[in-house]
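Read through the structure below, which is laid out as structure tokens, and then see the notes.
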Amino acid sequence: NGFKLGGWVNSQRNRFKRLTSDQVDRLNQLDFIWDAIGSQWENGFHELKKFQQLNGHCSVPENFKTDNGFSLGNWVKVQRRNETTMSQDRMRQLNKVGFVWNPFGEKWEIGFKQFKLFVDREGHCLISDKYTDDDGYPLGNWVGTQRQTKKKLSVIKIRRLDALGFIWNAREHRWETGLTHLKKFKELEGHCEVKKVHKTYDGFQLGSW
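If you read the sequence shown in the working numbering, its first letter stands for residue 3, the second for the next number, and so on.
Set out below in structure tokens:
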């Protein structure tokens, strides 16, 4: 009927100290929300806990909405933006359920873990651009991204990759590998007339190189 209920509700919140005890009681009987922002936060945190229980993690996609239409992805983004001004109590609650403050850092760690598993299993770091591991993770794409964004990587990340023998320039690495094999071939055969189909003892296609 045109009554501005939203404005009236807001007025009750602002006039809380001037309301009579009877008025406060009557509003409380209706579960009146005195702190709208706090209520919205609690609602978002409740949805985050449900997401974590269902998925086993808090990596909420940016545009994710719950079944009831709540924009959880956006709520999570707001919490990250408010990290420096957030109360310690709320931060503790978020940390307790494994809140992801830096999604890019978490994604990097996942890629690094898969990269290390590959190196430990295969014994080398030469991964093709389109390689996908047995878990379905696009490791080749992750490796390519590290090469392209090396200047933006932290010193610590670069050191961790270097410790595993990360290949920053795959083309240059292949050329150096080929040259090494060619030198060995010449030492053994006394010449560089390598047949096109020749493979070295470790499977390197020297003839093709």
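All C-beta atoms in this analysis are idealised placements derived from N, C-alpha and C, irrespective of residue type, glycine included.
Computed from a predicted model, the values in this text were never measured in an experiment.
- Taking the C-beta atoms as reference points, LEU56 is found no nearer than 8 angstroms to LYS67.
- Taken atom to atom, the span from the alpha-carbon of GLY100 to that of ASP24 is near 43 angstroms.
- Between LEU141 and THR134, the gap from beta carbon to beta carbon is short of 8 angstroms.
- By the Cβ criterion, the stretch 177-186 is in contact with the stretch 201-210, since at least three pairs of Cβ atoms, one from each stretch, lie closer than 8 angstroms.
- Between the stretch 155-166 and the stretch 194-203, the count of Cβ pairs shorter than 8 angstroms is below three; the stretches do not touch.
- Under a 10 Å Cβ-count criterion, PHE120 is classified as buried, with 16 or more other Cβ atoms of the shown protein chains found around its own Cβ.
- At least 8 angstroms separates the beta-carbon of GLY58 from that of TRP77.
- Annotated three-state conformation of GLU191 is helix, per DSSP.
- Using a 10 angstroms sphere on the CB of LEU190, the tally of other CB atoms stays under 16, which defines it as exposed.
- Around the C-beta of ILE112, fewer than 16 other C-beta atoms lie within 10 Å, and the residue is accordingly described as exposed.
- Using a 10 angstroms sphere on the CB of GLN31, the tally of other CB atoms stays under 16, which defines it as exposed.
- GLU44 is positioned such that its CB atom lies no closer than 8 angstroms to that of PHE72.
- For GLU124, the enclosing alpha helix (DSSP H) covers residues 105-124.
- A Cβ-Cβ separation of about 6 angstroms places TRP103 in contact with ARG82 under the 8 angstroms criterion.
- Uninterrupted alpha helix (DSSP H) stretches at least 4 residues long and entirely within the stretch 19-91 occur at 23-30, 38-57, 74-83, given in chain order.
- Straight across, the Cα-Cα distance linking MET88 with VAL80 is about 11 angstroms.
- Counting C-beta atoms within 10 angstroms of its own C-beta, TRP10 has fewer than 16 neighbours from the protein chains shown and is therefore classed as exposed.
- Under the three-state reduction of DSSP, ARG17 is assigned to coil, being neither helix nor strand.
- Taking PHE168 as reference, the option from CYS60, THR147, ASP27 with the minimal CA-CA separation is THR147.
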